[in-house]
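For the sequence shown, position 276 matches number 285 in my numbering, and the numbering has no gaps at all.
The beta carbon of each residue, even a glycine, is placed where N, CA and C say it ideally should be.
Bear in mind that the values here come from a model prediction, so they are computed numbers and not experimental data.
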Amino acid sequence: MSSDKKNNIREMARQNGIVQPLLTDLYQITMAYAYWKSGKVNDTAVFDLFFRTNPFQGEFTIFAGLEECLKFLENFHYSDSDIEYLKQTLPATIENEFFDYLKDLTCKDIKLSAIEEGSVVFPRVPLLRVEGPLIIAQLLETTLLTLVNFASLMATNAARYRMVAGKHVSLLEFGLRRAQGPDGGLSASKYAYVGGFDGTSNVLAGKMFDIPVRGTHAHSFVTSFSALGDIHSGTLRHADKETQCDFLKMALECRKRVSEILDVSPEEASDGELAALVSYAQAFPAGFLALVDTYDVKRYNIQGLAAHGQRTNGHSGYNSNCGTNGRSVRLSATRSTFERTLRSGLLNFCAVAIALNSCGYRAVGIRIDSGDLAYLSVLARETFNQVAKELDLPWFAKLTIVASNDINEETILSLHEQGHSIDCFGIGTHLVTCQRQPALGCVYKLVEINGQPRIKLSQDVGKVTIPGHKEAYRLFGADGHALIDLLQRSTEPAPEVGQKVLCRHPFQESKRAYVIPSKVEHLYKVYWNEGKICTFPKPLVEVRERVQTSLRTLRQDIKRNLNPTPYKVAVSDNLYNFIHDLWLQNAPIGELF
């Protein structure tokens with residue numbers, strides 16, 4: 010084994026955490042005993058893990074959680090304390106030999122095939138196929154489900170946010186404090202990144218999964234300062250020189266100049282807030298991104314936004330501390346016809362950002378956490394544009410505007426409709442709790458025992474399983490987009506490019522169509538066999554890229570937010586006949602009275 014593979018194994022084992030054999034439902038262990046007692050130790054089985062309906066009223070799902078499943082298989086072993094606990098918990102009638110059997114159990118005889126993590130997937134197509142001894146395959150059920158269910162739901166939710174936000178807007182996950190506990194928070198951070206988010210506020214997730222960590226400061230930081238006298242030191246070392254800048258004095262001078270540009274009074278701004286922003290900028294002069302809505306950002310008499318372009322001009326002097334050169338410039342005041350007044354946060358931020366520039370640093374931007382996000386972002390961008398123009402600071406117009414405040418998919422769509430100037434969304438509660446749909450609903454069903462197919466029947470046709478050992482293929486149309494997923498019996502030859510394939514709905518006889526694929530993708534790879542990983546999972550950043558690559562294979566109408574077109578999943582003609590023959594064999598025959 011290569012050193013890289015050894016390092017991969019050690020890294021996966023280190024991160025395994027609480028995922029262990031006892032992270033399961035009790036009935037898995039009681040069934041295991043009943044199997045053992047019934048002499049089924051040598052029985053072999055095939056289980057499929059799949060879901061029945063796409064989440065969030067959409068027509069696609071992102072498969073995630075495979076890496077964690079492989080960690081679980083690799084570390085599956087009942088410890089002495091596990092066995093002792095089970096002896097105390099299970100009925101006293103259970104034979105001691107069963108506990109000896111459990112203690113020796115590993116996944117060395119399990120074979121796990123799966124779709125590549127990060128792939129777009131669809132209902133009824135198995136995400137995982139587990140083959141091996143019946144008892145151990147049964148014992149894996151609950152843990153595999155808990156590892157795949159939330160991971161796939163979370164990655165899908167994040168991917169949907171990425172699609173509605175667009176590729177030019179950054180997305181940050183801010184949900185740890187609202188997540189369902191520490192483990193839910195870590196998983197949410199990991200799979201939000203997989204789904205397309207650019208970073209997280211979760212420091213531990215950053216460390217464990219190598220996700221970029223991002224953050225600003227809270228309102229409490231601002232409100233902890235009440236006056237300029239709270240500033241510990243008013244100086245800041247210049248970025249390129251050995252000199253100390255009188256940073257507080259420069260910020261005060263710049264606030265006066267900015268107030269003249271915007272035709273507002275410096276008295277509109279809070280000195281305590283200025284003290285907070287000066288102090289934060291001193292701590293992070295090259296990464297200054299400030300929360301600006303602790304106090305009012307705006308005050309206006311609403312007459313609409315039609316007057317954005319109207320200005321009242323004035324002029325004043327200019328101090329070299331507030332720009333990039335020593336020349337004087339004309340300063341024009343900015344005022345809309347509805348008497349807009351920029352207050353406190355924006356005024357103080359601009360003052361500190363310009364003072365930083367004079368010290369050789371460039372501010373990053375602002376965060377808005379309340380109010381009318383569309384209007385406030387436009388207002389802030391206009392402010393930055395005006396300051397950039399009047400002080401000849403082109404970069405100032407490109408300052409980042411981050412918006413947070415209980416944002417969901419509908420919020421982003423609405424903001425796009427209204428028009429906004431937001432560069433980055435910080436999203437928490439709705440993302441990490443998946444409020445629109447809290448569970449995916451994956452199931453784990455027995456489809457073959459000792460080489461004999463098994464089918465679960467139900468009056469609800471949606472719950473009837475597709476029996477037997479199967480393969481899955483994705484067939485692509487002439488336009489290069491994925492057209493249909495096809496399930497076949499494993500004994501059938503694979504579909505071929507350019508060859509006509511009959512695709513049938515698994516339960517509706519009249520729904521059938523011929524497909525001539527331009528490309529055929531076999532969806533399964535063997536990831537675990539003979540007690541070891543045989544296909545190593547890809548790094549998280551590559552799984553993240555896989556999500557976007559896979560989504561691009563779908564037509565836009567399948568991915569749209571409103572009334573998406575269902576993607577088709579079919580079975581081969583052979584498998585269709587096999588299902589219905591088995592159905593008739595197993596369905597009881599009623600009797601009329």
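Look up residue i in the DSSP assignment and give the residues it is bridged to.
i: Asn538; result: Lys541
i: Pro142; result: Thr53
i: Lys513; result: The displayed chain sequence assigns Arg, not Lys, to residue 513. In the DSSP output, where bridge partners are listed per residue, Arg513 has Arg521 and Val580.
i: Gln468; result: Its beta-bridge partners do not exist; DSSP assigns none.
i: Gly435; result: Leu181
i: Glu457; result: Val55 and Pro462
i: Lys528; result: Phe485
i: Gly374; result: Leu298 and Thr409
i: Leu625; result: For residue 625 there is no data in the structure shown, the boundaries of the chain being 10 and 602.
Assuming contact is defined by CB atoms lying nearer than 9 Å, are residue i and residue j in contact in what I supplied?
i: Pro64; j: Ala481; result: no
i: Lys479; j: Asp52; result: no
i: Ile8; j: Ser128; result: In the structure as shown, the chain starts at 10 and stops at 602, and residue 8 therefore has no counterpart that could be examined.
i: Thr442; j: Ala188; result: yes
i: Leu75; j: Val157; result: yes
i: Val284; j: Phe234; result: The identity of residue 284 in the sequence shown is Ala, whereas the question assumes Val. Yes, Cβ-Cβ distance for Ala284 and Phe234 is below 9 Å.
i: Ser386; j: Ala278; result: no
i: Arg138; j: Val55; result: yes
i: Leu382; j: Ala412; result: yes
i: Leu584; j: Pro515; result: yes
i: Thr151; j: Thr33; result: yes
i: Ala160; j: Ser198; result: no
i: Glu457; j: Pro476; result: yes
i: Asp91; j: Gln37; result: no
i: Gly380; j: Asn417; result: no
i: Gly243; j: Val287; result: yes
Once DSSP output is grouped into helix, strand and coil, what is the label at residue i?
i: Leu298; result: strand
i: Ser581; result: strand
i: Glu418; result: helix
i: Glu104; result: coil
i: Lys199; result: helix
i: Asp590; result: helix
i: His177; result: coil
i: Ala596; result: coil
i: Val267; result: helix
i: Cys78; result: helix
i: Ser229; result: helix
i: Cys254; result: strand
i: Phe218; result: helix
i: Asp488; result: coil
i: Tyr87; result: coil
i: His425; result: helix
i: Gly477; result: coil
i: Val273; result: coil
i: Ala364; result: helix
i: Arg187; result: helix
Using CA coordinates, which residue listed in the options is at the minimum distance from residue i?
i: Tyr87; options: Glu77, Ile71 and Leu114; result: Leu114
i: Leu154; options: His429, Ala448 and Asp566; result: Ala448
i: Gly296; options: Gly369, Leu466 and Ala236; result: Gly369
i: Phe485; options: His514, Val473, Leu563 and Phe434; result: Leu563
i: Ile464; options: Val396, Phe59, Ile588 and Asn84; result: Ile588
i: Lys117; options: Leu95, Arg569, Glu140 and Glu104; result: Glu140
i: Arg513; options: Asn538, Asp494 and Phe393; result: Asp494
i: Glu68; options: Leu571, Gln508 and Lys199; result: Leu571
i: Leu593; options: Thr152, Gly205, Asp91 and Ser467; result: Ser467
i: Ala487; options: Leu511, Tyr533, Gln446 and Val529; result: Val529
i: His439; options: Gly184, Glu126 and Pro100; result: Gly184
i: Ala360; options: Val301, Ala292, Leu388 and Arg264; result: Arg264
i: Phe293; options: Leu356, Gly374 and Val473; result: Gly374
i: Leu492; options: Glu426, Val452 and Thr574; result: Thr574
i: Asp302; options: Leu245, Ser423, Ala389 and Ser288; result: Ala389
i: Ala299; options: Pro526, Ile416, Arg555 and Arg223; result: Arg223
i: Glu83; options: Leu424, Gly471, Trp537 and His425; result: Trp537
i: Gly489; options: Ser559, Gly599, Phe60 and Leu245; result: Ser559
i: Asp378; options: Tyr304, Arg371 and Glu399; result: Tyr304
i: Asn586; options: Gly540, Tyr42, Ser527 and Arg498; result: Arg498
i: Phe206; options: Phe434, Ala101 and Ala146; result: Phe434
i: Ile145; options: Gly437, Pro191, Phe85 and Leu261; result: Phe85
i: Gln147; options: Val173, Val130, Arg133 and Ile119; result: Ile119
i: Thr62; options: Met259, His531, Val578 and Gly599; result: Val578
Any beta-carbon of chain B closer than 9 Å to the one on residue i?
i: Ile27; result: The structure shown contains no chain B; it is built from a single protein chain.
Between the region 210-229 and the region 245-260, do at least 3 Cβ pairs fall closer than 8 Å? They do not touch, by the three-pair rule.
Can at least three beta-carbon pairs, one atom from the region 390-408 and one from the region 163-180, be found at a separation below 8 Å? Because the criterion of three Cβ pairs below 8 Å is not met, the region 390-408 and the region 163-180 do not touch.
Spell out a yes or no on whether the region 42-50 and the region 539-558 are touching, meaning 3 or more CB-CB pairs, one atom from each, closer than 8 Å. At 8 Å Cβ cutoff, the stretches do not touch.
The region 201-217 / the region 170-184 touching (three or more Cβ pairs under 8 Å): Flag = yes, the region 201-217 and the region 170-184 touch.
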